[in-house]
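Under my numbering, the first residue of the sequence shown is numbered 468, with each subsequent residue one higher.
Below is one structure, written out as structure tokens; comments come after it.
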Amino acid sequence: MALLEVDRVGKRFGGLAALDEVSLKVEQGEIYGLIGPNGAGKTTLFNCMTGLYGVSGGAVRLDGRAVHNRAPHEVVRQGFARTFQNIRLFPNMSALENVMVGRHVRSRAGVLGAVLRGARTRAEEAAIRQRAQELLHFVGLERKGRALAGHLAYGEQRRLEIARALATEPKLLALDEPVAGMNPSERRQMAEFFLKLRDSGVTLLLIEHDVKLVMGVCDRVAVLDYGRKIAEGTPDAVQRDPAVIAAYLGSET
Ligand SMILES: Nc1ncnc2c1ncn2[C@@H]1O[C@H](COP(=O)(O)OP(=O)(O)O)[C@@H](O)[C@H]1O
Ligand SMILES: [Mg+2]
Numbered sequence: 468m469a470l471l472e473v474d475r476v477g478k479r480f481g482g483l484a485a486l487d488e489v490s491l492k493v494e495q496g497e498i499y500g501l502i503g504p505n506g507a508g509k510t511t512l513f514n515c516m517t518g519l520y521g522v523s524g525g526a527v528r529l530d531g532r533a534v535h536n537r538a539p540h541e542v543v544r545q546g547f548a549r550t551f552q553n554i555r556l557f558p559n560m561s562a563l564e565n566v567m568v569g570r571h572v573r574s575r576a577g578v579l580g581a582v583l584r585g586a587r588t589r590a591e592e593a594a595i596r597q598r599a600q601e602l603l604h605f606v607g608l609e610r611k612g613r614a615l616a617g618h619l620a621y622g623e624q625r626r627l628e629i630a631r632a633l634a635t636e637p638k639l640l641a642l643d644e645p646v647a648g649m650n651p652s653e654r655r656q657m658a659e660f661f662l663k664l665r666d667s668g669v670t671l672l673l674i675e676h677d678v679k680l681v682m683g684v685c686d687r688v689a690v691l692d693y694g695r696k697i698a699e700g701t702p703d704a705v706q707r708d709p710a711v712i713a714a715y716l717g718s719e720t
């Protein structure tokens, strides 16, 4: 069984079919790329998978369990974490605290317990802090734990978001344009980081505009165009696919 199964998912906005019977399967342990011109429906698909949008048809299953039409926090609890195309951190909290917030999804006391800080939760709190520190180290921000998230450089904020998502212990991590706005050297570092993430056991689903990066790190790639999947396969095969070439030549990107 595939880790993630997207089964003929449709999404309509009024008269617009943003997604039209999109199906794909992401296998445990792979890096799966999702590309396509602007407006193709990539972010909409992420939103349908992670509870931000209901679906107009079809189903999404993680490990065989439905995640479509569920509340976002339930999807996270089932092991599906994501980041956003626009960074969503708590800018006035420290980097460490931002990661700890992600971690509380998994704690027994939950977020409320963390706020009330009862005696029972104190040991758990220490464990959460410890794990958050490890995750900051994993994303290369071990020296930035006390810095306010809003004061971090752009690339650091992107990595902090990933650390926060990892704190929820996901089976699958979906990243929406994680290297947007980065320079070539930052992009190369991120590409290496994605491979390290995969090797640590996290399956990755990557929306990315940077086709070169996608082709370099992904095991398989799907291409969306006008809400439809027009190609899927290894990076090499997809790059040579005439339908893909036409979709990219016909767009500004
Ligand atoms: N909340 C929404 N309401 C109406 N239309 C939307 C909404 N979200 C996305 N769309 C439309 O759906 C299409 C796909 O958008 P999106 O998924 O953001 O594309 P991508 O991420 O591939 O660039 C676009 O035409 C966009 O305008
Ligand atoms: Mg998008």
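Every residue, glycine too, gets a C-beta built ideally from N, C-alpha and C.
Nearest candidate by alpha-carbon position, reference residue i, set the options
i       : options                            : result
Leu-486 : Val-493, Arg-687, Val-476          : Val-476
Asp-686 : Glu-497, Glu-628, Phe-480          : Glu-497
Arg-610 : Ser-561, His-571, Ala-594          : Ser-561
Glu-541 : Gly-503, Leu-603, Thr-635          : Thr-635
Ala-658 : Arg-626, Tyr-621, Asn-536          : Arg-626
Phe-557 : Gln-624, Asp-643, Asp-708          : Gln-624
Glu-699 : Ala-484, Leu-470, Val-493          : Val-493
Val-527 : Val-473, Arg-695, Asp-708, Val-684 : Val-473
Val-681 : Val-543, Glu-592, Gly-503, Leu-608 : Gly-503
Ile-554 : Leu-615, Arg-589, Tyr-621, Ala-538 : Tyr-621
Pro-539 : Thr-517, Ala-689, Ala-533, Arg-532 : Thr-517
Cys-515 : Glu-592, Arg-537, Gln-495, Gly-531 : Arg-537
Residue i versus residue j: straight-line alpha-carbon distance, rounded
i       : j       : result
Pro-637 : Val-711 : 31 Å
Gly-524 : Ser-490 : 12 Å
Asp-666 : Ala-641 : 16 Å
Leu-673 : Gln-600 : 25 Å
Ile-629 : Val-606 : 8 Å
Ile-595 : Arg-613 : 15 Å
Gly-521 : Thr-511 : 10 Å
His-535 : Arg-479 : 15 Å
Val-572 : Val-684 : 29 Å
Glu-653 : Asp-708 : 29 Å
Ala-590 : Ala-548 : 25 Å
Pro-645 : Leu-671 : 12 Å
Asp-643 : Gln-552 : 5 Å
Gly-668 : Gly-506 : 31 Å
Gln-597 : His-618 : 23 Å
Asn-565 : Arg-695 : 36 Å
Tyr-499 : Gly-481 : 30 Å
Outcome for residue i when other beta-carbon atoms lying within 10 angstroms are tallied against a minimum of 16
i       : result
Thr-550 : buried
Phe-661 : buried
Asp-692 : buried
Thr-701 : exposed
Pro-651 : exposed
Glu-675 : buried
Asp-677 : buried
Leu-716 : exposed
Asp-703 : exposed
Gly-648 : exposed
CB contact check: residue i to chain B, cutoff 7 Å
i       : result
Glu-472 : Here there is only one protein chain, and chain B is not present.
Contact belief for residue i with residue j at Cβ below 8 Å, rounded distance in angstroms
i       : j       : result
Leu-563 : Leu-603 : 7 Å
Lys-509 : Leu-519 : Rounded, the Cβ-Cβ distance is 13 Å, inconsistent with contact.
Gly-569 : Ala-632 : 6 Å
Leu-639 : Leu-471 : 6 Å
Ile-697 : Val-690 : 5 Å
Asn-559 : Leu-615 : 6 Å
* Only counting runs of 4 or more residues, tell me where the alpha helix (DSSP H) segments fall wholly within the segment 613-640, in order along the chain. => 621-633
* **Any beta strand (DSSP E) of 3 or more consecutive residues that is wholly inside the segment 540-580** => 547-549
* Could you name each continuous alpha helix (DSSP H) segment of 4 residues or more that falls completely within the segment 505-532, going from the start of the chain to the end? => 509-516
* Which parts of the segment 641-677 are runs of the alpha helix (DSSP H), unbroken and 4 residues or longer, counting only runs that do not cross its ends? -> 651-666
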